[in-house]
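S.K.: Residue numbers (my numbering), protein chains in the order written: chain A, 75 to 188; chain B, 7 to 118. Here a beta-carbon is modelled for each residue, glycine too, at the ideal position from N, C-alpha and C. Just passing along the structure, written as structure tokens.
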């Protein structure tokens, strides 16, 4: 069964450094998403991406964050200058269509900012 | 905005039924989902229901939706130790159709 994959599974970085989290969505899916879960808190929506542009973003997704689909398979989340409060589990998801189409999630990348 | 709430913890014995509850605040048209998260794994979709339905059954899983009370439940029949996990209720509303809003998750512990 096709699945969403994410790399790395765990990333440790120093405050102020840039990180790139990578995702490979399911191959025939057209919509891509990033969510995060700070330890002990709810899973929160960050951004959705379609047709090479952001279609919706939350107030969390400020100028420090960016997303990109650099080739036909990868979908990346970049955090330009990490803060301690960026430490969280980051989940990538994809869906075949937009709207309420089911979103399929990857296993997550745990980001630890020291 | 939309908000989704769940109880944090449920403990049952193997073979019993488990009922995980969820409430939400926005009454507009919606899809509601149940996801399962096992330790170290991602969010696995279990089932979903649209707001024009009252019930959906899928093998051991039964979803009940009470639109008047904005209450959703997931019943797992004949619960097994392998069902131990965190269960998330989530929804999309027509005010932001691409954004899944999650509950806090309910940790289900199944004892032998």
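Is it right to say residue 128(A) is buried, meaning 16 or more other beta carbons lie within 10 angstroms of its own, or is it exposed?
M.R.: Residue 128(A) is exposed by the Cβ-count criterion.
S.K.: State yes or no: is the C-beta of residue 16(B) within less than 7 Å of the C-beta of residue 112(B)?
M.R.: Yes.
S.K.: I'd like to know whether the C-beta of residue 171(A) is nearer than 7 Å to at least one C-beta of chain B.
M.R.: No - not a single Cβ of chain B is within 7 Å of the one on residue 171(A).
S.K.: Looking at chain A, is there any beta carbon in it that lies within less than 7 Å of the beta carbon of residue 91(B)?
M.R.: No, its Cβ sits nowhere closer than 7 Å to a Cβ of chain A.
S.K.: My output table needs one value for residue 88(B): the three-state DSSP class, helix, strand or coil.
M.R.: Helix, per DSSP.
S.K.: Give me the DSSP bridge partner(s) of residue 89(A).
M.R.: Residue 89(A) is not bridged to any residue.
S.K.: Examine chain B for any beta-carbon lying closer than 7 Å to the beta-carbon of residue 18(A), and answer yes or no.
M.R.: With chain A covering 75 to 188 only, the question about residue 18(A) has no answer from this structure.
S.K.: Which residues in the same chain have their Cβ closer than 7 Å to the Cβ of residue 158(A), if we skip the five residues on either side of it in sequence?
M.R.: Once the five neighbours on either side are set aside, the close Cβ partners of residue 158(A) are 89 and 187.
S.K.: Quick check: is the beta carbon of residue 48(B) nearer than 7 Å to any beta carbon in chain A?
M.R.: Yes, residue 48(B) counts as interfacial toward chain A.
S.K.: Just the C-alpha distance for residue 149(A) and residue 181(A), rounded to the nearest angstrom, thanks.
M.R.: The straight-line gap from Cα to Cα measures roughly 15 Å.
S.K.: If you run the structure through DSSP and keep just helix, strand and coil, what is residue 170(A)?
M.R.: If DSSP states are grouped into helix, strand and coil, residue 170(A) belongs with coil.
S.K.: Is residue 116(A) buried or exposed, if buried means 16 or more other CB atoms sit within 10 Å of its CB?
M.R.: Looking at its Cβ environment, which holds 16 or more other Cβ atoms inside 10 Å, residue 116(A) is buried.
S.K.: According to a CB-to-CB cut-off of less than 7 Å, which residues of the region 135–154 of chain A neighbour chain B?
M.R.: Listed in sequence order: no entries.
S.K.: Taking 7 Å as the CB-CB cut-off, is residue 114(A) touching chain B?
M.R.: False, the Cβ-Cβ gap to chain B never drops below 7 Å.
S.K.: When the distance is taken between beta carbons, is residue 98(A) closer than 7 Å to residue 169(A)?
M.R.: For residue 169(A) and residue 98(A), no; Cβs fall outside 7 Å.
S.K.: Where residue 33(B) and residue 91(B) are concerned, what is the direct C-alpha to C-alpha distance, given to the nearest angstrom?
M.R.: Looking at the two C-alpha atoms, the distance is approximately 28 Å.
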